[in-house]
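Here the structure comes first, spelled out in structure tokens, and everything after it is commentary.
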Amino acid sequence: MSRPTIHDIARLAGVSTGTVSRVINGHSTVALRTRQQVEQIMRSVNYAPDPAARQLSWRTGHTVGLSTMAGDPLLSPYQVLFRRSLEARTSPAGVQLIDLHGDLGPLGRLPSAVVLMHIKDDDARLTLLEERGVPVVLIGHHQQHSWVAPDDRAGAELATRQLTEAGHRQLMFLGAGESQVARDREDGFRTAAREVDAAVATLPGGFTALDGYRTLRRAWEQGLRFTGCFAASDEQAVGAVAALQDLGLDVPGQVSVVGFDGLPELPLPVPLTTVSQDIDRIAEVALRLVQEALSGEPPRGEFVPVRLLPGHTVARPP
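Residue numbering for the sequence shown follows the UniProt record's numbering, beginning at 1 and increasing consecutively.
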């Protein structure tokens, strides 16, 4: 009898080859009963994955584009960490990672697949890639495309409860525009604030430290008052702390601040209380989804859990 293939396993189990591939690679997205069925069939026919074939499934010659939204800073700490993690996984496989910024329309030739960051509902990048048949993986959830995202809503709830459990009832959310990430984090903020009937205010802005500084300082000087601030990014939180200190306020003695991202080595005098997302895990899943998309597998999505990192920027309100 010839050596069984992944197609034989899929046929015997009544599932797709993509499902068998996910069982082999230990993906958490396969139902337990299906996983057990596939594993039992593999054992019964003495099937063993061919390491060489698995390596060839991620062929050299592919290019993967990383597209940030127009106006995003190219060298922000988060972008640098995420890109570095992607490149650590593409380079050993001989896959070229290409930076794509802003408008993709003028590009005569597009990569084999594109990872899109900071998606909006009417994002022109997504429309163009769909029209030109380029596989897409989103950093952020979507119904029609493969995606991976930190659990932004749950993380925002964690951050806000850190403030409310310390006793804060006058809360402010330092937002970041109309991106899906910003909306999800605001939704989580409002959910946790409603649990204790806290008074809330929201300030739109951008993800950078300068955005956080300008937005918070302007609002405080115009009379907005709060004792707890949840910033949509760690960079904004850094700017918010600097603005509060320049205004003569003590952090956390008078105003507490929580960020989101878990970025290392922030320029703050004390460790920031923040929600940490697993950037390496997100990059790993994104590239796995790219592989699946290039192989013609159906789209799927995955939330990556987040966790609270307690720091020294939250205290009881004065």
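No residue lacks a Cβ here, since even glycine has one placed at the ideal position from N, Cα and C.
Please read these numbers as outputs of a predicted model, since none were measured by experiment.
Beta-bridge partners of residue i, as assigned by DSSP
i	result
W147	L138 and G301
M172	A201 and C229
R307	S276
D99	L66
Short Cβ contact (8 Å threshold) for residue i with residue j
i	j	result
E292	G18	yes
P204	G175	yes
A154	L171	no
V275	E302	no
A237	V257	yes
M244	L216	Here residue 244 turns out to be Leu, not Met, going by the sequence shown. Contact: yes.
V134	L289	no
F260	A231	yes
L309	H62	no
T191	E157	yes
V45	P4	yes
T227	P92	no
L104	R125	yes
Straight-line Cα distance separating residue j from residue i
i	j	result
L128	V136	11 Å
T164	H312	16 Å
S233	D151	14 Å
R161	T34	38 Å
R307	L116	24 Å
L32	S21	15 Å
H142	Q36	29 Å
A10	R169	55 Å
R43	V241	58 Å
F173	G206	12 Å
F189	A13	44 Å
V196	A166	12 Å
V251	V314	8 Å
T208	V114	24 Å
P51	L107	Its pLDDT being 49, under 50, P51 is placed unreliably by the model, and nothing is read from it.
R84	Y47	36 Å
G40	I24	Strictly speaking, residue 40 in this sequence is Gln, with Gly absent from that position. Near 12 Å, if we compare the C-alpha coordinates of I24 and Q40.
R225	P267	25 Å
L287	D8	26 Å
R214	V15	54 Å
F82	G212	21 Å
L56	R281	Because L56 carries a pLDDT of 35, less than 50, the predicted location of this residue cannot be relied on, and no value is offered for it.
Q79	D99	11 Å
A182	L210	17 Å
Secondary structure of residue i, DSSP reduced to three states
i	result
V80	helix
I119	coil
H312	coil
H62	coil
A113	strand
V15	coil
G259	strand
Y213	helix
Q254	coil
E178	coil
A242	helix
R3	coil
Q236	helix
Q222	coil
E39	helix
P92	helix
Nonlocal neighbours in the same chain, by C-beta distance under 7 Å from residue i, ignoring five residues either side
i	result
D278	V304
D122	none
L97	V64, L66, L86, E87 and T90
R59	For R59, the predicted model reports a pLDDT of 48, less than 50, meaning its position is unreliable; a value from the coordinates is still stated below. Here the set comprises nothing.
P77	E235 and L263
G223	none
P271	G311 and H312
Same chain, Cβ closer than 6 Å to residue i, neighbours up to 5 away in sequence not counted
i	result
I119	L138, G140 and Q180
Q69	Looking at the sequence itself, residue 69 is Met, so the reference to Gln does not match. Hits under 6 Å: H118.
R54	The predicted position of R54 is uncertain, since its pLDDT is 46 and thus under 50; a value taken from the coordinates is nonetheless stated next. None.
H145	V136, L138 and P299
I6	T17 and V20
H101	T68
D187	R153
S112	H62 and T63
beta-carbon residue i near the ligand ATP non-hydrogen atom, thresh 7 Å
i	result
T127	Summarising the ligand content, the structure contains no ligands, and the ligand ATP is consequently not present.
Chain D within 8 Å of residue i, Cβ atoms only
i	result
S295	The question asks about chain D, but that chain is absent: this structure has only one protein chain.
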